[in-house]
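My numbering numbers the first residue of the sequence shown as 0 and each following residue consecutively.
Below is one structure, written out as structure tokens; the observations come after it.
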Amino acid sequence: MVNRTIVRIDEEKCTGCGKCIAPCAEGAIELVNGKAKVVSDELCDGMGFCIGVCPVDAISIEQRQALEFNPEKAEAQPKKTDISIQCCKCGCGEESAYLLPVRHGMESQWICTRCLPQLIHG
Ligand code: SF4
0 MVNRTIVRID EEKCTGCGKC IAPCAEGAIE LVNGKAKVVS DELCDGMGFC IGVCPVDAIS
60 IEQRQALEFN PEKAEAQPKK TDISIQCCKC GCGEESAYLL PVRHGMESQW ICTRCLPQLI
120 HG
């Protein structure tokens, strides 16, 4: 065990929408009984990419004793795709473009790298 940063999911806030599952490249998050859970400390690198996609701010980063992140184990996890993830401007999915999470007006959205310049510069 080491003292490190790791994702924390507030079960009281979690609605079980599942939006945080596919963005986790390490496959650390799954829905268990309708709530998102970090299924293994070894799979969570604590980077928090999932934070920005949660519509109810149920995800945060905490510092605590946990197993060390295991990159080999994370790499071996089956990769999840989510066809509901689409660019909020052009509607393309992750199969055709890189998608980035953005937040605006208390909403989480995805935007592809082709539309990002338009979002930044108007
Ligand atoms: S995105 Fe947020 S509300 Fe949805 S399942 Fe994940 S933690 Fe729960």
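We treat Cβ as the ideally placed atom computed from N, Cα and C, and that holds for glycine.
query                                                                                                    : result
Kindly examine ligand 1 and report whether one of its heavy atoms sits closer than 7 Å to the Cβ of P70. : no
Which residues mark the beginning and the end of the beta strand (DSSP E) in which I119 is found?        : Element bounds for I119: not the beta strand (DSSP E) but the alpha helix (DSSP H), L115 to H120.
Would you say A35 touches ligand 1, meaning its beta carbon is less than 7 Å from a heavy atom?          : yes
Rounded to the nearest angstrom, what separates Q62 and N2 at their Cα positions?                        : 7 Å
So which of P116, F68 and R113 has the shortest CA-CA distance to E25?                                   : F68
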